[in-house]
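Adding 237 to a residue's 1-based position in the sequence shown gives its number in this note's numbering.
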Amino acid sequence: YPTIGALAVAGVVPVNDANVKGSYSAAGINISIPILNGGLFSARESEARLRAHAASADVDDLINSIARDVNIAWLEANNASQQLELTGSLVEQANEAARLAKVRYDLGLGSIVELNQAQLSQLTAQIEAANAKYEYLSQRAVLDFATGALR
């Protein structure tokens, strides 16, 4: 922006000399019109435009990152849900196999080894079901966090 400055000075010389006048005064005006400022204003404008563009790119990157995180969390939660259903059916089958092995053992048609194997399979299926439930709940918490439902 153009600026205007003014300056005025007046004074008295304390030592008198015949060659020097005893008082003095001066006034001046300074006008500054920055038409040739070395491209400062255009450089500032360009810098502001580039900073705004960089901020916009950062926002776009953040949006993409959040969308990616939500998609991954949803896929993981969906996979954990399917695993939970699968282990539930495995537990049902293992329970039925253990029940049948117990009946066969009680009737004398099966050995203790067969019964123990069925009970071990039943216990393994129950452990896998518990792990699947834990994994599902963990992935749901991750999904809730990614979507903002969990703070």
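Cβ atoms here follow ideal geometry from the backbone N, Cα and C, with glycine treated the same way.
Can the beta-carbon of residue i be found less than 8 Å from the beta-carbon of residue j?
| i | j | result |
| --- | --- | --- |
| A231 | E351 | Here the chain comprises residues numbered 238 to 388, so residue 231 is not present and cannot be evaluated. |
| I266 | A291 | no |
| G259 | V249 | yes |
| A383 | V307 | yes |
| A335 | Q320 | no |
| P239 | I270 | yes |
| A317 | E372 | yes |
| I241 | I272 | no |
Let me know the secondary structure DSSP gives residue i once reduced to three states.
| i | result |
| --- | --- |
| G242 | strand |
| V249 | strand |
| N274 | coil |
| G265 | strand |
| G347 | coil |
| L387 | coil |
What residues match up with residue i in a beta bridge as DSSP calls it?
| i | result |
| --- | --- |
| S293 | S293 pairs with nothing; no bridge assigned. |
| V257 | D254 |
Indicate whether the contact test is met: 3 or more Cβ pairs, each with one atom in the region 309 to 326 and one in the region 362 to 382, closer than 8 Å. Under the Cβ criterion (8 Å, minimum of three pairs), the region 309 to 326 counts as touching the region 362 to 382.
At a cut of 8 Å, does the region 373 to 380 reach the region 326 to 335 through at least three beta carbon pairs? With the cut-off at 8 Å, the region 373 to 380 and the region 326 to 335 do not touch.
Which runs of the beta strand (DSSP E), 3 residues or longer, sit entirely within the region 294 to 326? List check, beta strand (DSSP E) in window: nothing returned.
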